[in-house]
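Chains as they are written, first to last, in the numbering used here: chain A, 13 to 265; chain B, 13 to 265.
Where a beta carbon is used, it is the ideal one built from N, C-alpha and C, also for glycine.
Here the structure is a predicted model, which is why all the values come from computation and not from measurement.
Inspection log for the structure reproduced underneath, given as structure tokens.
Protein chains: 2
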Amino acid sequence: MRYELFYWPSIQGRGEFVRLALEQAGAEYIDVARESEAAGMGVAALMRWLEDETIERPPYAPPFLKAGDRIIGQTANILMFLGARHDLAPTDEAGRLWAHQLQLTLADLVTHAHDTHHPIAGALYYEEQKPEARRRAAAFRKDRLPKFLGYFESILRRNPHGNDHMVGETLSYVDLSMFQVMAGLRYAFPRAMAQLKRGHPLLDALSGRVAALPRISAYLASKRRLPFNQKGIFRHYRELDARPARKAAHKSK
Amino acid sequence: MRYELFYWPSIQGRGEFVRLALEQAGAEYIDVARESEAAGMGVAALMRWLEDETIERPPYAPPFLKAGDRIIGQTANILMFLGARHDLAPTDEAGRLWAHQLQLTLADLVTHAHDTHHPIAGALYYEEQKPEARRRAAAFRKDRLPKFLGYFESILRRNPHGNDHMVGETLSYVDLSMFQVMAGLRYAFPRAMAQLKRGHPLLDALSGRVAALPRISAYLASKRRLPFNQKGIFRHYRELDARPARKAAHKSK
């Protein structure tokens, strides 16, 4: 079966978590909104699914995945579905819920990262909410960012099967998503990430391993991987990142 | 088995979605943080679970549910767990994922409702972010609120088994959560809710039916149901609600 992924065509966004799972699974899929409208695809096709009032179980927003007759929405829900089918999640119920719980916590972090540049409304441009964004980003860098990363670092540290995976002893969609979140945070907040006091060596090591997986590595080098940009969820605005670290020489004056 | 629910003791918050499911299930449970610290419970017990570094699968934040040896976090994840055990969700995989997808979309709406009074940081008081809250609340009332409610109203309208339930032909945790969201929105934004142009008659009817369920009705009349208040997720600040509707007589002048 060939999956159809529906997501905005010019950003990684939340769709990227699904893309990474599909790529690692070696699944056949079409990234519909990035295909030609002349061929019945493109954003027009995505909008048709969102607006069609005859759909019994409609998604609220992209990303959504068409799998045969089914349309599945909500990023973490899609990953739970794919994880079970493509050996990217534990098979026991407790492990399955634990992986999903971590994914939902990652989704919370992603929303917070998004809201640093859109604290007022998604319908407004960043330029229309810059003062509020500075305040929200400062609070995010000070509290949420270290708390979330400290938590995820501890998940690797606590894993009784070793520090290689977020869940159990094999690769899961949670590892792929964790890689994506770390990449996004490094793009958006390079200084803040470098200045985090406790660091996150296990997360860094995990990110490196995921990036080196043959299928992920090939994907990242392909045109299918969109670059980070200033329209996505993770955006780099210098004024929202930490200030440069002061040099020791200055402090001792 | 007696469940142990861990959530902040003075608010409905996200814990309320779990409480409603436990109540409707007729499940035996302790609302741990509302019990006495002298008896080893209270907020101190909640904090112990959050801070204990020996827990292999720790929750990031309340609510979390202890079920035997397992600790399950993330509201929607807890509901998926309880739904399967207490006949509050479809039993087929497609139905189970669909119910969960709706719950995750409700969770998104809840986060937006929360952020109307906390657009900058959860660590700050409302009074420290009032101008930003006014802007965010105005955008929420104008765009998100009607879009989300229009979506959920349409879910009832599209249900091929009739308009009585969000999913399928029997009660699920999604119905309970939908009731709670409607109650919260009516408390927080009474004017905006009354002024919504298209209305939401099916959601109103569903809310009435859920409130009248014998177990839910008994719960709502009990002391176990905390009142809405100004510390929770749904808060009523007049300045964040819509302005009074102008009278027709004024318009015709």
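Unbroken alpha helix (DSSP H) run spanning residue i, endpoints
| i | result |
| --- | --- |
| residue 63 of chain B | 54-63 |
| residue 50 of chain A | Segment: none, residue 50 of chain A is in no alpha helix (DSSP H) and carries neither H nor E. |
| residue 154 of chain B | First-last for residue 154 of chain B: undefined, no H or E at that position. |
| residue 36 of chain A | 27-37 |
Range covered by the beta strand (DSSP E) that runs through residue i
| i | result |
| --- | --- |
| residue 82 of chain A | 82-85 |
DSSP three-state assignment for residue i, whether helix, strand or coil
| i | result |
| --- | --- |
| residue 100 of chain A | coil |
| residue 15 of chain A | strand |
| residue 133 of chain B | coil |
| residue 79 of chain B | strand |
| residue 107 of chain B | helix |
| residue 258 of chain A | coil |
| residue 181 of chain B | coil |
| residue 68 of chain A | coil |
| residue 145 of chain B | helix |
| residue 21 of chain B | coil |
| residue 88 of chain A | helix |
| residue 174 of chain A | coil |
| residue 150 of chain B | helix |
| residue 265 of chain A | With a pLDDT of 41 at residue 265 of chain A, under the threshold of 50, the modelled position of this residue cannot be trusted, and the question is left open. |
| residue 118 of chain B | helix |
| residue 73 of chain A | coil |
Neighbour list for residue i in chain B, Cβ cutoff strictly below 7 Å
| i | result |
| --- | --- |
| residue 111 of chain A | Going along chain B, no residue has its Cβ under 7 Å from residue 111 of chain A, so there is no contact; the nearest lies around 10 Å. |
| residue 172 of chain A | 68 |
| residue 85 of chain A | 113 |
| residue 106 of chain A | 82 |
| residue 93 of chain A | 109 |
| residue 35 of chain A | Going along chain B, no residue has its Cβ under 7 Å from residue 35 of chain A, so there is no contact; the nearest lies around 22 Å. |
| residue 210 of chain A | The contacting residues do not exist; residue 210 of chain A stays about 14 Å from chain B at best. |
| residue 97 of chain A | Near residue 97 of chain A there are no residues of chain B at all, since even the closest Cβ is about 10 Å away, more than 7 Å. |
Residues that residue i contacts on chain A, provided the C-beta gap is smaller than 9 Å
| i | result |
| --- | --- |
| residue 128 of chain B | In chain order: nothing, as chain A lies at least about 10 Å away. |
| residue 241 of chain B | Under the 9 Å cutoff, chain A gives no residues; its nearest Cβ is about 24 Å from residue 241 of chain B. |
| residue 117 of chain B | 71, 72, 73, 85 and 86 |
| residue 139 of chain B | Within 9 Å Cβ-Cβ: nothing; residue 139 of chain B doesn't reach chain A, min ~14 Å. |
| residue 123 of chain B | 120 and 123 |
| residue 63 of chain B | Those within 9 Å of residue 63 of chain B in chain A number zero; the least Cβ separation is about 11 Å. |
Sheet register partners of residue i (DSSP bridge)
| i | result |
| --- | --- |
| residue 42 of chain A | A/16 |
Partner residues on chain A for residue i, Cβ-Cβ distance less than 8 Å
| i | result |
| --- | --- |
| residue 29 of chain B | Those do not exist, as residue 29 of chain B stays about 14 Å from chain A at its closest Cβ, beyond 8 Å. |
| residue 182 of chain B | The premise fails here: residue 182 of chain B is roughly 16 Å from chain A at the closest Cβ pair, so nothing lies under 8 Å. |
| residue 249 of chain B | In chain order: nothing, as chain A lies at least about 16 Å away. |
| residue 151 of chain B | 132, 133, 135 and 136 |
| residue 16 of chain B | Per Cβ cutoff of 8 Å: no residues; residue 16 of chain B is ~17 Å from chain A at best. |
Contacts of residue i in chain B (Cβ-Cβ under 9 Å)
| i | result |
| --- | --- |
| residue 175 of chain A | Near residue 175 of chain A there are no residues of chain B at all, since even the closest Cβ is about 13 Å away, more than 9 Å. |
| residue 155 of chain A | 133, 134 and 135 |
| residue 237 of chain A | Ordered by position in chain B, no residue passes the 9 Å Cβ test against residue 237 of chain A, which lies about 26 Å from the chain. |
Contact list for residue i against chain A, beta-carbon separation under 7 Å
| i | result |
| --- | --- |
| residue 163 of chain B | 72 |
| residue 201 of chain B | Residues of chain A passing the Cβ test: none, with the nearest at roughly 16 Å. |
| residue 47 of chain B | Within 7 Å Cβ-Cβ: nothing; residue 47 of chain B doesn't reach chain A, min ~25 Å. |
Problem set entry | Complete alpha helix (DSSP H) runs within the stretch 193-253 of chain B (minimum length 4 residues, chain order) | 202-207, 213-224 and 226-232
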